[in-house]
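Have a look at the structure below, then the notes.
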């Protein structure tokens, strides 16, 4: 059912602009936004019609040829889903701001008014968000459109991968929780642990879902445990001949000269096979 409870967007815009101008110390920032903005308000209940209206507006803008343009996307939906519904977005560079509203923002009866005011507030904050992402992209040395929601974790993985490449490591990509070790990870069935029924921990993914979900947050996980993994056997007092060994890796020169004098006990643990990469970390 279509119910139009939208406020006067011009009044909301002027009110929020005055509020930002009063709070901002830099008048040049607010000067980047026009004093008046024209809004075209339409009430639709069909997502396909909404996509058509947006595509028509973007097409008209593209036909005007106003120069270089970048789109800032803010939506709880996946960017790939939005691009599939509105193919014209592929004609513009798209940057995801990864800004999410609070969950209970639209739980009130006047959700249209709350959503309209929140949209205008995000519009005035986009300048700060874009400058922050530009600084992050400059520091990470990566395209700004590639920065995900968790920029800190992305930076850690990116810098770690670069350090591995610097030390002549070959980066691997694996769709599973196990590393890609050439198939040897599939043969690691010590003590039949892989066949025992046990509960596993999975990381949930924030987003917009049609069903009820429960989130369990775990913070302050000790990274030092991973960094000190080679010392575990020493702390436990495990003898080296009954523990899983760290096999000595052959150098390229030894492989080329077929020098097999340095023969070590084979490695059976995928963690041991990755220990050399952990040392770089």
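Numbering (this note's numbering), first residue to last: 404 to 684.
Just so you know, even glycine gets a beta-carbon here, dropped at the ideal spot from N, CA and C.
From a predicted model like this one, the values you see are computed outputs, not experimental measurements.
- Query: Which runs of the beta strand (DSSP E) fall wholly inside the segment 430-496 and span at least 3 residues, in chain order?
  - Reply: The qualifying runs are 474-476.
- Query: In the DSSP assignment, what are the bridge partners of residue 498?
  - Reply: Taking the first residue of the chain shown as position 1, residue 498 is located at position 95. Answer is 475, bridged to residue 498.
- Exposed or buried, residue 407, counting other C-beta atoms within 10 Å across all chains shown (16 or more means buried)? Locating residue 407 in the chain shown gives position 4, where the first residue counts as 1. Under this definition residue 407 is an exposed residue.
- Query: Is residue 524 near residue 419, with beta carbons less than 8 Å apart?
  - Reply: Translated into the one-based positions of the chain shown, residue 524 becomes position 121. Translated into the one-based positions of the chain shown, residue 419 becomes position 16. For residue 524 and residue 419, yes; Cβs fall inside 8 Å.
- Identify the continuous alpha helix (DSSP H) that holds residue 538 and give its terminal residues. Position 135 of the chain shown, counted from the start, is the residue given in the question as residue 538. It spans 514-543 - the alpha helix (DSSP H) in which residue 538 sits, taken as one unbroken run.
- Alpha-carbon spacing of residue 427 relative to residue 571, whole angstroms: The sequence position of residue 427 within the chain shown is 24, counting from 1. The sequence position of residue 571 within the chain shown is 168, counting from 1. If you take the alpha carbons of residue 427 and residue 571, they lie about 49 Å apart.
- Task: Flag this pair as yes or no: are the beta carbons of residue 457 and residue 489 separated by less than 8 Å?
- Result: Position 54 of the chain shown holds residue 457. Position 86 of the chain shown holds residue 489. Yes; because the gap between Cβ atoms is below 8 Å, this pair is in contact.
- Count the CB pairs spanning the segment 457-474 and the segment 490-501 that are closer than 8 Å, and state whether there are at least three. yes
- Please look up how many angstroms separate the CB atoms of residue 545 and residue 561, rounded, as I've assumed it's under 8 Å. Locating residue 545 in the chain shown gives position 142, counting from the first residue. Locating residue 561 in the chain shown gives position 158, counting from the first residue. Going by Cβ atoms, the distance from residue 545 to residue 561 rounds to 7 Å, so yes, they are a contact pair.
- Under a three-way DSSP split, which group does residue 411 fall into? Here residue 411 refers to the residue found at position 8 when the chain shown is read from its first residue. Correct three-state label for residue 411: coil.
- Span of the alpha helix (DSSP H), counted from its first residue to its last, around residue 682: Locating residue 682 in the chain shown gives position 279, counting from the first residue. First-last of the alpha helix (DSSP H) with residue 682: 678-683.
- Spatial neighbours of residue 548 in its chain, beta-carbon cut-off 7 Å, leaving aside the 5 residues before and after: The residue given as residue 548 occupies position 145 in the chain shown. Closer than 7 Å at the Cβ level, and outside the excluded window around residue 548, lie 496, 497 and 498.
- Message: Tell me the rounded alpha-carbon separation between residue 410 and residue 440.
- Response: Working through the chain shown from its first residue, we reach residue 410 at position 7. Working through the chain shown from its first residue, we reach residue 440 at position 37. One C-alpha to the other measures close to 15 Å.
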